[in-house]
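Counting from -8, one number per residue, gives the positions in the sequence shown under the numbering used here. Glycine is no exception: its CB is placed at the ideal position from the N, C-alpha and C atoms.
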Amino acid sequence: MDESDKIIAELREQNRQLKSQLEDTQNLLNITLNDSGLVLWEQDIPSGRLSLYNCEYGKICGISATEQEALYENWKSNLHPEDKELAIEAFESMIRGHSGEYNIEYRMVHQDGSTRWIKDRGTIQEYDQHNNPLRVIGTHIDVTQLRVDQHRLSKLAHHDTLTGLLNRHAFEDEFNKFCQTIDAEGGTLMFVDLDQFKPINDQHGHTAGDHILKACAQRIQDNCPKQGKAGRIGGDEFALLLPFSESEKLEQLAQTLLKSFNQPHHFNHIEVSVSLSIGMCTFHRHNEDFKQILHRADQAMYQVKHNGKNNYALWTAAK
-8 MDESDKIIAE LREQNRQLKS QLEDTQNLLN ITLNDSGLVL WEQDIPSGRL SLYNCEYGKI
52 CGISATEQEA LYENWKSNLH PEDKELAIEA FESMIRGHSG EYNIEYRMVH QDGSTRWIKD
112 RGTIQEYDQH NNPLRVIGTH IDVTQLRVDQ HRLSKLAHHD TLTGLLNRHA FEDEFNKFCQ
172 TIDAEGGTLM FVDLDQFKPI NDQHGHTAGD HILKACAQRI QDNCPKQGKA GRIGGDEFAL
232 LLPFSESEKL EQLAQTLLKS FNQPHHFNHI EVSVSLSIGM CTFHRHNEDF KQILHRADQA
292 MYQVKHNGKN NYALWTAAK
């Protein structure tokens, strides 16, 4: 073997080693990306060709390997209808030079019909001699579980864990937001207290008590008007925020609530009857104080308690 043959053989071996190293690096990159959930993509702007460096996209949209040649069109067709225009416009805005980075969250529709949230990012990496974009590199990742977790945390922060109704803090926030846009119809805070609930816990235990309390909360929620808000203020005390103050409407709703509690509650072999004492306070100003209105509705409720329970009363200023 002469010297030139040796050089060619060495170059071939070096080329083989480099290919092997490249394959190892690509495999390692794919493993790393797949473990992280990231999809690394590259798009050739003039041709519209979209290349992937791992296969997580197929999991996101339920696309098979044979369908991935038409991936760019698949991406557009699988965008959620409510987010499609927003996502495409954000990408094209970067291409037109209106923004330096493509960074957006949007929804995609999986082939099984489910919705997936995607966080997508990209930047232009190469331009031609006329400063026209040639190549974009980016990543996207399925953040659906993060969205679910955020929703769950938000619900825990704003809703009572036992009944699912608004907790006191969230109910007060709703009151304050309502007051900002209150109209001529005014509003009403209805304070609802369960009569003789404590003996249920004492006689039958807290498991039965919790079950009955949840059932009571459900009846209150079921009778809450569509534009109203229902919350658990604490213990066996509930409240409704109503977008009206007309006495006839309030009396009709109070009577409906009382009637809905005529039927006893059941848990295992236990049957218990629960009634309501309802106090109401109307308001009409933008700067109403929640604690004051709640206190007045509470006073009206105690008037009902004092007069025999299972009834309702509207707060009126003492003369």
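Any heavy atom of the ligand NAD closer than 6 Å to the CB of CYS170? With respect to the ligand NAD, the structure offers nothing, as it holds no ligand at all.
Please look up how many angstroms separate the CB atoms of PHE162 and LYS220, rounded, as I've assumed it's under 8 Å. 7 Å
ILE211: which of LYS189, ILE36, PHE182 and HIS277 sits nearest, CA to CA? PHE182
Quick one: what does DSSP say PRO216 is sitting in, helix, strand or coil? coil
Runs of alpha helix (DSSP H) wholly within the segment 119 to 161 (minimum 4 residues, chain order): 135 to 149
Among the candidates LYS168, GLU176, ASN259 and ASN253, whose CA atom is the shortest distance from the CA of THR320? Given a span of -8 to 310 for the chain in the structure shown, any question on residue 320 remains unanswerable.
In three-state DSSP terms, what is GLU73? coil
ILE191 - DSSP class collapsed to helix/strand/coil: helix
Could you check whether the segment 286 to 295 touches the segment 266 to 273, counting it as contact only if at least three pairs of C-beta atoms, one from each stretch, sit closer than 8 Å? yes
Buried or exposed, going by whether 16 or more other CB atoms sit within 10 Å of the CB of VAL139? exposed
For the putative contact between LEU70 and TYR93, defined by C-beta atoms under 8 Å, what is the C-beta separation to the nearest angstrom? Not a contact, Cβ separation roughly 14 Å.
Contact set for ASP201: own chain, Cβ-Cβ below 8 Å, skip 5 residues either direction: LEU153
What does the alpha-carbon distance come out to for the pair LYS240 and TRP306? 15 Å
Per DSSP, TYR93 is paired with what? GLY113
Between the alpha carbons of PRO190 and ARG107, how many angstroms are there, rounded? 48 Å
What's the C-alpha gap between ILE22 and ALA81? Confidence at ILE22 is low in this model, with a pLDDT of 49, below 50, so the placement of that residue is unreliable and no value is reported for it.
Just to confirm before moving on: does the CB-CB distance between GLY91 and ARG112 stay below 7 Å? no
In three-state DSSP terms, what is TRP108? strand
From ASP227 to ASP103, what does the alpha carbon distance come to, in whole angstroms? 43 Å
Helix, strand or coil for ILE224? Go by DSSP, reduced to three states. strand
How close, in whole Å, do the beta carbons of GLN5 and VAL127 come, if the pair is a contact with beta carbons under 8 Å? Rounded, the Cβ-Cβ distance is 33 Å, inconsistent with contact.
Residues sharing a beta bridge with ASP184, DSSP: GLU228 and SER268
Starting from ILE261, trace the beta strand (DSSP E) in both directions and tell me its first and last residue. 261 to 263
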